[in-house]
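Residue numbers (our numbering), protein chains in the order written: chain G, 149 to 382; chain H, 752 to 863.
Glycine included, C-beta positions come from ideal geometry on N, C-alpha and C.
Predicted, not measured: the structure shown is a model, and the values here were computed from it.
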Amino acid sequence: MRISARVVALTSLAVALSVVCIVAGLWQGSRTRDILEAERAALSDPIDVLDAASVDDFPASSVGRPVTATGAYSAADQLLVAQRELDGRPGDWVLAPFVVEGTTVAVLRGWVDSPSSPALAVPAGSVTLSGALQPFEEFYAEQARRPDGRLIAVSREEIERAWGTPVLALVLVLRSQEPASDPAPLPVPLTVQTADVPFPLQNAAYTLQWFVFAGFVWVMWWLWVVRRPDSLDT
Amino acid sequence: MKGLHGALVRFRVMAWVTGVLLAVMAVVFLPLKYVFGLTEEGILATLYAWGWQAHGWLYILYVATGLDISFRMRFSVVRTVAVLLAGTIPFASFFADHYVARSVDARIAAQS
Chain G
149 MRISARVVAL
159 TSLAVALSVV
169 CIVAGLWQGS
179 RTRDILEAER
189 AALSDPIDVL
199 DAASVDDFPA
209 SSVGRPVTAT
219 GAYSAADQLL
229 VAQRELDGRP
239 GDWVLAPFVV
249 EGTTVAVLRG
259 WVDSPSSPAL
269 AVPAGSVTLS
279 GALQPFEEFY
289 AEQARRPDGR
299 LIAVSREEIE
309 RAWGTPVLAL
319 VLVLRSQEPA
329 SDPAPLPVPL
339 TVQTADVPFP
349 LQNAAYTLQW
359 FVFAGFVWVM
369 WWLWVVRRPD
379 SLDT
Chain H
752 MKGLHGALVR
762 FRVMAWVTGV
772 LLAVMAVVFL
782 PLKYVFGLTE
792 EGILATLYAW
802 GWQAHGWLYI
812 LYVATGLDIS
822 FRMRFSVVRT
832 VAVLLAGTIP
842 FASFFADHYV
852 ARSVDARIAA
862 QS
C-alpha cells in the first residue's frame with residue numbers, strides 16, 4: 149500500500165476513533181464494577197462511620213454502606229428540611245449534628261409531621277447510631293435556606309454554614325439509635341438505592357459493544373486502506 | 752451481482768428492524784420515561800431496559816451489514832460512515848435504506 153496523505157489521515161482518524169471507543173468501553177466497565185461494588189457494600193456488615201468516609205473524601209463503595217457511629221448529639225441546632233413527604237403525608241426531615249471523635253456527622257434522623265414535634269428531642273450523653281451513608285443533595289446548593297430558617301435541600305454548604313464546622317462527606321441516614329428517642333422521627337427511605345439492584349446488564353453490554361465498535365473501526369480501515377487503496381484516490 | 756443482492760437484502764432487513772425499534776423507543780418510550788415517569792417499575796420498566804439492550808446488539812449487526820454493502824458498492828469513507836451513523840438517529844436509517852437501495856438499483860441498471 150502506498151503511504152499517501154489520505155492513508156495517514158485515515159489511519160490517524162482510525163486510531164483516534166478506536167481510542168474513543170475503548171475509553172468509553174472502559175468507562176462503562178468501571179460503571180459496571182462500581183454498581184457491583186456498591187451492591188456488595190450495601191449488603192455487607194456495618195463498619196465504623198469514620199472508616200467509611202472522612203470530611204475530605206469517600207470511596208464510591210461507601211455510598212449506601214451500613215455504618216455504626218458512637219458519639220453524642222451536639223448542642224448546636226438541628227435543621228429541618230422543608231416539604232418532604234413520607235408516604236404522601238406532608239412534613240419535614242430532621243438533620244442533627246452528631247460528633248464522633250471530634251468529627252461532625254450530619255445525621256438524617258427521619259421525618260416529622262410538624263416543626264414542633266416532640267420527636268425532635270435528642271438524648272444527651274453517649275449514643276450509638278446505625279444507618280447507611282448517602283450523598284448530600286446537589287440541587288439548590290447555593291441558596292438552600294428558606295426565610296423561615298428551614299432548608300430546601302440537604303445541602304452540605306448550607307449545613308456547614310449553619311453549624312459552623314466542616315461535616316463528614318456523606319450523610320448518615322438513621323435506622324436505629326441506642327438509647328432510642330421516644331417518640332422518634334420516622335425513618336426515611338434511602339434516596340440512592342444500592343441494595344437489591346439487578347445486575348447492571350446494560351452497562352456490561354455497553355462495555356462489550358464499545359469494544360466491538362473499536363474493532364469495526366479497524367475492519368473499515370483494513371477494507372478501505374489496505375484491500376482497496378485505489379478507492380481513496382477519487 | 753448475486754452477492755450484491757444478498758448484501759442489500761441483509762442491510763435492508765437490519766435497517767428496518769433497527770429503525771423501527773429505535774423509532775418506537777424514541778417516540779413511545781422516551782416520553783413514557785421523561786414526561787410521564789412510567790418506566791420506573793413493572794412491565795414498562797422491563798420493556799424499556801430490554802428495548803435499549805436489543806437496540807445495542809441489533810445496531811452491531813446493522814453496522815456489519817452496512818459495512819458489507821458499502822464496501823461492495825464502493826461508497827467513499829464519508830458516505831459509509833454516514834450510512835453507519837444513521838442507525839443511531841431515529842428515522843435516519845429509513846433514509847439510509849432508501850439511499851442504499853436506490854444506489855444498488857442504479858448500479859444494476861447501469862451494468863445490465
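Beta-carbon proximity of residue i to residue j, cut-off 8 Å
i, j, result
"G:G212", "G:A244", "no"
"G:V321", "G:V253", "no"
"G:T276", "G:T313", "no"
"G:G279", "G:V215", "yes"
"G:V260", "G:G236", "no"
"G:W366", "G:Q176", "no"
"G:A352", "G:T180", "yes"
"G:L318", "G:L281", "yes"
"G:A200", "G:S192", "no"
"G:S166", "G:A332", "no"
"H:H806", "H:L773", "yes"
"G:I183", "G:P337", "no"
"G:R257", "G:V247", "no"
"G:A230", "G:I300", "yes"
"G:A208", "G:A186", "yes"
Three-state secondary structure assigned by DSSP to residue i
i, result
"G:P314", "coil"
"G:I300", "coil"
"H:G788", "coil"
"G:F287", "coil"
"G:L281", "strand"
"G:V197", "helix"
"G:V340", "coil"
"G:Q325", "strand"
"G:G258", "strand"
"G:R237", "strand"
"H:F842", "coil"
"G:P214", "strand"
"H:A860", "helix"
"G:L158", "helix"
Own chain, CB closer than 8 Å to residue i, minus 5 neighbours either side, in chain order
i, result
"H:V778", "P841"
"H:A847", "A766, G817, A833, V834, A837, G838"
Same chain, Cβ closer than 6 Å to residue i, five either side skipped, listed in chain order
i, result
"G:T382", "Since pLDDT at G:T382 reaches only 48, below the 50 mark, its modelled position is unreliable, and the value read off the structure follows with that caveat. Nothing listed; no residue qualifies."
"H:L835", "V814, G817"
"G:V373", "V155, L158"
"H:A758", "D819, I820, R823"
"H:Y799", "F780, T790"
"G:S324", "S278"
"H:I859", "none"
"G:F206", "A317, L318"
7 Å CB neighbourhood of residue i in its chain, flanking five on each side removed
i, result
"G:A269", "S329"
Closer than 7 Å: residue i CB and nearest the ligand ATP heavy atom
i, result
"H:H756", "This structure lacks the ligand ATP; in fact it carries no ligand of any kind."
Q) When Cβ atoms are compared, which residues of the stretch 796-811 of chain H fall closer than 9 Å to chain G? A) Answer in chain order: A800, W803, Q804, G807, W808, Y810, I811.
Q. Got a sec: which bits of the stretch 768-787 of chain H sit with their beta carbon under 8 Å from any beta carbon on chain G, in order along the chain?
A. Only those residues of the stretch 768-787 of chain H whose C-beta falls short of 8 Å from the nearest C-beta of chain G would be listed, and there are none.
Q: Check each residue of the stretch 150-169 of chain G: if its Cβ is closer than 8 Å to any Cβ of chain H, include it; give the result in chain order.
A: Against chain H - using a Cβ distance shorter than 8 Å - the residues of the stretch 150-169 of chain G are L158.
(Q) As an exercise, report each continuous alpha helix (DSSP H) stretch of at least 4 residues that is fully enclosed by the stretch 777-835 of chain H, in chain order. (A) If we require 4 residues or more, the alpha helix (DSSP H) runs fully inside the stretch 777-835 of chain H come out as 781-785, 793-823.
Q: Return the residues of the stretch 354-370 of chain G that lie within a Cβ-Cβ distance of less than 8 Å from chain H, sorted by chain order.
A: Residues of the stretch 354-370 of chain G whose Cβ lies closer than 8 Å to any Cβ of chain H, in chain order: Y354, Q357, V360, F361, F364, V367, M368.
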